[in-house]
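Report on one structure; see the data block that follows.
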Amino acid sequence: MISVATWNINSVRLRADQVERFLLQESPDVLCLQEIKTPESLFPHEVFEKLGYTHRAVHGQKGYHGVATVSRIPFRDFSKHDWQDNGEARHIGVELLGPGNGLIIENVYIPAGGDVADREVNPKFGQKLDFLERMTRWAEKIERPTLITGDFNIAPLECDVYDHKALLKVVSHTPIEVETLQRFADAHGWVDLGRKHIPAPERNYSWWSYRSYWRAKDQGRRLDHMWASPEAAAQTRSHRFVEETRKWEQPSDHIPLITELNL
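Reading the sequence shown from the start, the letters are residues 1 to 263 in full-length UniProt numbering.
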């Protein structure tokens, strides 16, 4: 059995103590981080080294974006795609070499897409849709058991947001984003592990705004995901979210997800 976690940490250096607390408490074998906001040269390697996460793949940049995968299981760097097509650090892939040998873990941070759901007036929204289309072309060619995880910045189902009708025109839940994400899902037959193990319409939020009233009223969205190839999905045994991290001092606005696989 191996466990894989994902967490948009919103600055790994700022929240290194929270990452350490989470790893000591939950002890996943692999942790995928998004929005690390640091180049590799400033990544807090020592935090992970002392906890036994001696295998690390970091794709970062100064101040923005960035992803990192840390593991107690040996792995090799497997892929690094520029689906944004502009050099931003938004993806890193690894192949496990120990327990779970051969499983590919793709760690991705899909762009948020700005505030206006119109590519003509908001180029960031168009970049988000194009990012997803490039991922879809890639997914059509996958031939190995793969887990893709991270901050997708889309809540696809009606029950993945606190108010479906109110958010239909809000970026992250618009019909065009949901449809584009579904094309990506269909391209490889991905299984949404969040809904395999926590079936709709059960509450399954992973993000709340920093504005206090969002949290007080539980106005959350399911923006973080773990999807698996059908053969890998058949090996999953559990999937859960660790909501208590959102209540820690100066938390990330996202919470971690953890999946266990019988590998």
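We treat Cβ as the ideally placed atom computed from N, Cα and C, and that holds for glycine. Only a predicted model underlies this, so the values are computations on that prediction, with no experimental measurement involved.
Query raised in the report: Do you know offhand how far E202's Cα is from V242's?
Result: 15 angstroms
**Report entry** the region 118–127 / the region 191–202 touching (three or more Cβ pairs under 8 angstroms)
**Finding:** no
Query - Test item: CB-CB of R237 and L257 under 8 angstroms - result: no
Query raised in the report: Do you know offhand how far L129's Cα is from E177's?
Result: 7 angstroms
Query raised in the report: What's the C-alpha gap between H45 and L157?
Result: 37 angstroms
**Report entry** Where M135 falls: helix, strand or coil (DSSP)
**Finding:** helix
Query - the region 36–44 / the region 94–101 touching (three or more Cβ pairs under 8 angstroms) - result: no
Report task. Just grab the DSSP bridge partners of M226 for me. Result -> T149
Report task. Look up D186 in the DSSP assignment and say whether it is helix, strand or coil. Result -> helix
Query raised in the report: Should A112 and N153 be called a contact, given that it needs their Cβ atoms to be closer than 8 angstroms?
Result: yes
**Report entry** Alpha carbon of A185 to alpha carbon of L132, nearest angstrom
**Finding:** When rounded, the distance between both Cα atoms is 10 angstroms.
**Report entry** Distance between Q219 and Y162 (C-alpha atoms, nearest Å)
**Finding:** Roughly 5 angstroms separates the two Cα atoms.
Report task. Mind reading off the beta-carbon distance from V12 to S71? Whole number of angstroms is fine, and I expect it under 8 angstroms. Result -> Between S71 and V12 the Cβ distance is about 15 angstroms, and since that is not below 8 angstroms, they are no contact.
Query raised in the report: Can you pull the DSSP bridge partners for residue 273?
Result: No answer is possible for residue 273: it lies beyond the span of the chain, which begins at 1 and ends at 263.
Query raised in the report: Can you list, in chain order, the residues of its chain whose CB lies under 6 angstroms from that of T180, leaving out five sequence neighbours each side?
Result: L129, L132
Query - 8 angstroms Cβ cutoff met for V19 and V47 - result: yes
Query raised in the report: Are there 16 or more other CB atoms within 10 angstroms of the CB of A228, so buried, or fewer, so exposed?
Result: buried
Query raised in the report: Exposed or buried, what is M1 when buried is set at 16 or more other beta-carbons lying within 10 Å of its beta-carbon?
Result: exposed
Requested in this report: Determine the closest residue to R215 out of Q235, T245, G189, H188, with distance taken between C-alpha atoms.
Outcome: T245
Requested in this report: From the DSSP output, in three-state form, read off K125 for me.
Outcome: Contrary to the premise, residue 125 reads as Phe rather than Lys in this sequence. If DSSP states are grouped into helix, strand and coil, F125 belongs with the helices.
Query raised in the report: Which residue's Cα is closest to the Cα of A233: T149, I73, W7, D17?
Result: The residue with the shortest Cα to Cα distance from A233 is T149.
**Report entry** Given F43 as reference, the closest of G63, E26, M135 once Cα atoms are compared
**Finding:** G63
Report task. Would you kindly work out how many angstroms separate the C-alpha atoms of R221 and A166, rounded to a whole number? Result -> 12 angstroms
Report task. Return the Cβ separation of R119 and L97 in integer angstroms, given the expectation that the two are a contact with Cβ distance under 8 angstroms. Result -> With 8 angstroms as the limit, R119 and L97 do not qualify as a contact, their Cβ atoms being about 41 angstroms apart.
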